[in-house]
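The structure appears right after this line, and notes come after that.
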Amino acid sequence: MSLGSWMRNHPHFLETVYQFAEHTFIRLDPVVKKLGYERSNRWLKGPEDFAKQIVFDCRMCGQCILHSTGMTCPMSCPKNLRNGPCGGVRANGHCEVLPEMRCVWVEAFERSGHMPVYGHEMLFINPPVNRQLEGSSAWINMLTGVDNEVPKAWGGTSQRVELVLSEEGWTSGQ
Ligand code: SF4
């Protein structure tokens with residue numbers, strides 16, 4: 003088993019590391035702002051790509067939602083879905099497109115159940131990925147807030163929507 007898959011199978015550990023990194027970046031924001039977000043992005047995107055590739059098979063979408071998907075990268079889904087699973091999951095829990103691979107979303111749901119802090123975010127509906135952010139640092143995009151913006155031309159909401167299960171079935175919580 004590779005280091006990456008071992009770590010992905012310890013989602014609570016990854017969640018703790020993520021939480022620490024998130025708090026650290028938020029605290030460092032004034033310094034990053036002084037240095038310039040553009041410059042910081044140039045310095046950070048290489049190391050971020052390197053580390054996240056080892057652990058998450060990251061594709062540098064620039065809009066990281068790992069903590070909302072069981073610390074499982076949604077961009078490794080062959081359909082690049084930001085909300086899954088699709089309707090094609092096989093009976094054995096494997097992918098419709100790559101039958102030898104377990105469905106990314108089956109794993110995301112399983113792992114989110116072991117994440118006491120962010121696990122509930124699995125029920126958020128995410129906007130489609132913004133390809134304009136591809137290749138940039140998701141941490142810097144989090145600080146500038148651009149990762150949460152939906153391009154104006156797309157219309158619609160920039161907020162993620164949480165699903166709630168009630169007697170009427172699944173409804174939007176917002
Ligand atoms: S969600 Fe985006 S930034 Fe996060 S690991 Fe996946 S490709 Fe990388």
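Under my numbering, residues 3 to 176 are what the sequence shown spells out, in order.
Even glycine gets a Cβ: it sits at the ideal position worked out from N, Cα and C.
Residue i Cβ short of 7 Å to the ligand SF4 heavy atom set
{"i": "I67", "result": "yes"}
{"i": "K54", "result": "yes"}
{"i": "F58", "result": "yes"}
{"i": "A140", "result": "yes"}
{"i": "M124", "result": "no"}
{"i": "R162", "result": "no"}
{"i": "P49", "result": "no"}
Span separating the alpha-carbon of residue i from that of residue j
{"i": "V57", "j": "S7", "result": "7 Å"}
{"i": "K54", "j": "R10", "result": "11 Å"}
{"i": "A155", "j": "N128", "result": "17 Å"}
{"i": "G147", "j": "R29", "result": "15 Å"}
{"i": "M62", "j": "D149", "result": "12 Å"}
Whether residue i touches residue j by CB criterion (8 Å)
{"i": "L145", "j": "F22", "result": "no"}
{"i": "D59", "j": "S78", "result": "yes"}
{"i": "V108", "j": "P87", "result": "yes"}
{"i": "R84", "j": "V131", "result": "yes"}
{"i": "S139", "j": "N43", "result": "yes"}
{"i": "M124", "j": "G72", "result": "yes"}
{"i": "S70", "j": "Y120", "result": "yes"}
{"i": "G64", "j": "G137", "result": "yes"}
{"i": "P80", "j": "V99", "result": "yes"}
{"i": "I142", "j": "L46", "result": "yes"}
{"i": "R162", "j": "F126", "result": "yes"}
Bridge partner(s) assigned by DSSP for residue i
{"i": "R104", "result": "H96"}
{"i": "F58", "result": "Beta-bridge pairing links F58 to no other residue."}
{"i": "V163", "result": "I127"}
Counting beta carbon pairs with one atom in the stretch 33-49 and one in the stretch 100-114, are three or more of them shorter than 8 Å? no
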